[in-house]
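Going by the working numbering, the sequence shown opens with residue 20, and the numbers climb by one from there. Where a beta carbon is used, it is the ideal one built from N, C-alpha and C, also for glycine. Note that the structure is predicted; figures quoted are calculated from it, not measured. Structure record follows, encoded as structure tokens.
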Amino acid sequence: MRLALIADIHGNLEALESVIADIDERSPDAKLVCAGDVVGYGPDPEACIARLRSIGASCVMGNHEEMVLGRRDFSRCAHAGITAALWTRQNLSPGAWAFLDSLPPWLEVTTGVVVCHGTLDDADTYLSDGVRAERALRQLEERWPGARMLVCGHTHHAAVYARDRGFSLIRSTTELLLDPSITHVVNPGAVGQSRDGRPLARYAVYDVERQTVAYREVPYDHDTTIRKLRGAGLVPKVVQ
20 MRLALIADIH GNLEALESVI ADIDERSPDA KLVCAGDVVG YGPDPEACIA
70 RLRSIGASCV MGNHEEMVLG RRDFSRCAHA GITAALWTRQ NLSPGAWAFL
120 DSLPPWLEVT TGVVVCHGTL DDADTYLSDG VRAERALRQL EERWPGARML
170 VCGHTHHAAV YARDRGFSLI RSTTELLLDP SITHVVNPGA VGQSRDGRPL
220 ARYAVYDVER QTVAYREVPY DHDTTIRKLR GAGLVPKVVQ
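Quick look at the structure:
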């Protein structure tokens with residue numbers, strides 16, 4: 020079994036399609052799993068939701084879904100995110116709204132592999148260092164004794180954490196061999212809004228049998244996304 024792990028699509032249809040095409044070519048048997056923030060920032064929230072639904076992706080709720088739905092205020096959100104959340108509220112169909120409203124805060128996608136956006140209790144917590152990642156692992160192990168992986172997003176940076184290797188950012192395409200006796204935090208990076216200065220769409224593939232995580236990055240037509248952002252009156256950025 021393989022899981023294609025994605026997060027932080029942020030309404031960027033061009034990036035999502037590039038990732039799905041790469042998964043179809045390289046890991047066609049993988050089940051797609053999204054760690055939240057399908058919407059926010061980007062100009063195609065409706066189309067991204069429809070695409071995920073069309074392929075039967077498993078998905079959890081991110082902090083941008085919470086803001087669009089009115090479950091979280093804007094106190095910790097940048098101007099671009101607030102603008103997009105308000106715009107998204109006005110441009111979602113009832114079906115897309117119902118999809119967002121139905122998303123769970125966390126999901127066990129296969130035995131011992133749990134997906135959330137930030138942490139199990141808070142979609143707006145950044146697992147951006149070893150201290151926070153360790154705290155999240157302890158929380159996971161309390162609730163799921165024997166769990167082997169927590170998949171998260173939110174930081175927009177691909178990363179991995181384990182007690183034997185510490186916390187590491189993943190800055191390029193690479194494959195890691197995991198110790199199956201140790202629990203890991205895995206962040207596949209952002210599909211739709213890079214924060215390392217390069218307009219690339221990122222994802223990861225977890226091979227359950229081989230115990231590997233392959234981090235991947237693919238180019239996409241970001242110029243089209245930026246044109247759509249301008250046309251919608253949103254902040255025209257795909258890199259922050």
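Terminal residues of the continuous alpha helix (DSSP H) containing residue i?
| i | result |
| --- | --- |
| Pro113 | Pro113 to Ser121 |
| Glu33 | Leu32 to Arg45 |
| Glu228 | No alpha helix (DSSP H) contains Glu228, which DSSP labels as neither H nor E. |
| Ser73 | Pro64 to Ser73 |
| Gly149 | Gly149 to Arg162 |
Between residue i and chain D, is any beta-carbon pair separated by less than 8 Å?
| i | result |
| --- | --- |
| Gly61 | The structure shown contains no chain D; it holds only a single protein chain. |
How many Å lie between residue i and residue j at the Cα?
| i | j | result |
| --- | --- | --- |
| Asp242 | Glu160 | 43 Å |
| Glu33 | Tyr222 | 14 Å |
| Val187 | Ser147 | Note that residue 187 is Ser in the sequence shown, not Val. Using only the alpha carbons, I get a separation of about 9 Å. |
| Trp116 | Met80 | 12 Å |
| Arg90 | Ala220 | 28 Å |
| Val258 | Gly59 | 14 Å |
| Met168 | Thr193 | 18 Å |
| Val132 | Gln158 | 14 Å |
Our contact map puts residue i next to residue j with C-beta atoms below 8 Å; I'd like the distance itself, whole angstroms only.
| i | j | result |
| --- | --- | --- |
| Val204 | Leu126 | About 16 Å separates the two Cβ atoms, so there is no contact after all. |
| Ala35 | Gly211 | Looking at the sequence provided, one finds Leu at residue 35 rather than Ala. With a Cβ gap of about 7 Å, Leu35 and Gly211 count as contacting. |
| His175 | Arg214 | 4 Å |
| Asp140 | Leu88 | That belief does not hold up - the Cβ atoms of Asp140 and Leu88 are roughly 18 Å apart, past 8 Å. |
| Ala26 | Pro207 | 6 Å |
| Thr231 | Leu197 | 7 Å |
Over what stretch of residues does the beta strand (DSSP E) that includes residue i continue unbroken?
| i | result |
| --- | --- |
| Lys247 | Premise fails: Lys247 lies in the alpha helix (DSSP H), His241 to Ala251, not in any beta strand (DSSP E). |
| Gly185 | Gly185 to Leu188 |
| Ala181 | Ala178 to Ala181 |
| Met20 | Unbroken run through Met20: none, as it is neither H nor E. |
Kindly identify the DSSP beta-bridge partner or partners of residue i.
| i | result |
| --- | --- |
| Ile25 | Cys53 |
| Thr193 | Tyr234 |
| Cys135 | Trp125 |
| Val205 | Val170 and Val179 |
| Ser94 | Partner(s): none; Ser94 has no beta bridge. |
Assuming contact is defined by CB atoms lying nearer than 8 Å, are residue i and residue j in contact in what I supplied?
| i | j | result |
| --- | --- | --- |
| Cys78 | Leu122 | yes |
| Cys96 | His136 | no |
| Leu22 | Thr129 | yes |
| Asp41 | Arg235 | yes |
| Leu248 | Pro62 | yes |
| Glu85 | Val57 | no |
| Leu195 | Thr102 | no |
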